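Each step along the sequence shown adds one to the number in numbering that gives the first Met the number 0, with nothing skipped, and position 95 is 94.
Where is the CB? At the ideal position from N, CA and C, for every residue including glycine.
These figures come from a predicted structure and were not determined experimentally.
In what follows, a single structure is set out as structure tokens and then discussed.
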Amino acid sequence: MRLPFLSLLIGCISLAEMATAQATCWTSAKIPGEQNRAVQGCADDAQNPGDWFCIVIRCDRPGSPLSLYVSAPGPDIHGDVKLIVDEQSFSVSLPASLKSPLPLSSRAEALPYAALDAMKAGSAISVQGLQVQAPYNRISLENSRKAIERVEWACEAPYPGPTRFWRRIVRRLRFL
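Here's what the structure looks like:
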């Protein structure tokens with residue numbers, strides 16, 4: 000009686016581990032030299048073989064706000080786009096004049112803090128206003144909180160001890 004029960008228990012644990020062992024959607028950037036200062040989330044589906052669509056969150060300079068980059072094959076991406084995180088919508092401008100340090104990507108002029116917070120708490124993001132159409136413009140936000148916060152912490156300016164302590168406490172309280 001113990002052996003079948005033990006086998007069933009081991010089988011259930013193995014299935015649970017396989018279900019949670021899926022590839023993480025948000026990972027360190029796959030761009031050489033950017034692994035410690037950028038994270039990326041990419042669409043699972045591609046319209047054509049070899050295509051991709053990714054959003055990269057990057058720390059351009061320590062102490063500065065995080066930047067948003069959109070990466071896709073083809074010509075430079077520019078114009079006004081709309082980020083839709085679950086039911087929330089945010090407008091972002093991708094100007095043609097800003098030179099991007101990341102290959103095949105365009106940098107957003109500014110990333111609203113509310114959009115970044117929504118990305119950390121949401122389940123999926125889609126980008127409207129690009130040549131990439133639905134459903135290929137949809138990126139899961141699974142594991143985005145952990146990935147984005149890692150870059151945020153690495154990008155923080157070196158504040159004096161008590162100020163940094165209180166900033167971390169306030170940041171944690173916002174998401175409870």
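Based on the DSSP secondary-structure assignment, which residues constitute the bridge partners of residue i?
| i | result |
| --- | --- |
| Gln-87 | Val-84 |
| Leu-93 | Gly-78 |
| Gln-39 | Thr-26 and Val-55 |
| Tyr-68 | Val-55 and Arg-106 |
| Val-126 | Leu-82 |
| Ser-139 | Ala-123 |
Do we get a CB-CB distance below 7 Å when we pair residue i with the residues of chain C?
| i | result |
| --- | --- |
| Trp-152 | Considering every chain present, this structure includes no chain C. It has just one protein chain. |
Which word fits residue i, buried or exposed, when buried means at least 16 other C-beta atoms lie within 10 angstroms of its C-beta?
| i | result |
| --- | --- |
| Leu-172 | exposed |
| Thr-162 | exposed |
| Ala-39 | Contrary to the premise, residue 39 reads as Gln rather than Ala in this sequence. When all chains shown are included, Gln-39 counts as buried. |
| Lys-119 | buried |
| Asn-35 | exposed |
| Ser-66 | buried |
Hey, how far is the Cα of residue i from the Cα of residue j?
| i | j | result |
| --- | --- | --- |
| Glu-141 | Gly-121 | 8 Å |
| Arg-106 | Phe-89 | 15 Å |
| Ile-30 | Val-150 | 15 Å |
| Leu-124 | Glu-148 | The residue asked about is misnamed: residue 124 is Ile in this sequence, not Leu. About 17 Å. |
| Cys-154 | Pro-134 | 32 Å |
| Asn-136 | Val-55 | 14 Å |
| Ser-139 | Trp-165 | 31 Å |
| Trp-152 | Asp-44 | 31 Å |
| Cys-53 | Arg-170 | 26 Å |
| Leu-82 | Asp-116 | 13 Å |
| Pro-64 | Arg-57 | 9 Å |
| Ile-168 | Arg-144 | 16 Å |
| Pro-61 | Ala-28 | 17 Å |
| Glu-146 | Gly-78 | The identity of residue 146 in the sequence shown is Ala, whereas the question assumes Glu. The alpha-carbon atoms of Ala-146 and Gly-78 are separated by roughly 27 Å. |
| Trp-25 | Val-126 | 16 Å |
| Cys-41 | Val-84 | 15 Å |
| Val-176 | Val-80 | Residue 176 cannot be examined here, being either before or after the span of the chain that is shown, 0 to 175. |
| Ala-37 | Gln-87 | 24 Å |
| request: Please confirm if the segment 71-80 is in contact with the segment 108-117, defined as three or more CB-CB distances below 8 Å between the two stretches. | output: no
| query | Given 8 Å as the limit, is there contact between the segment 119-131 and the segment 94-106, that is, 3 or more CB pairs closer than that? | reply | no
| task | Give a yes or no on contact between the segment 81-95 and the segment 42-51, applying the rule of three or more CB pairs nearer than 8 Å. | result | no
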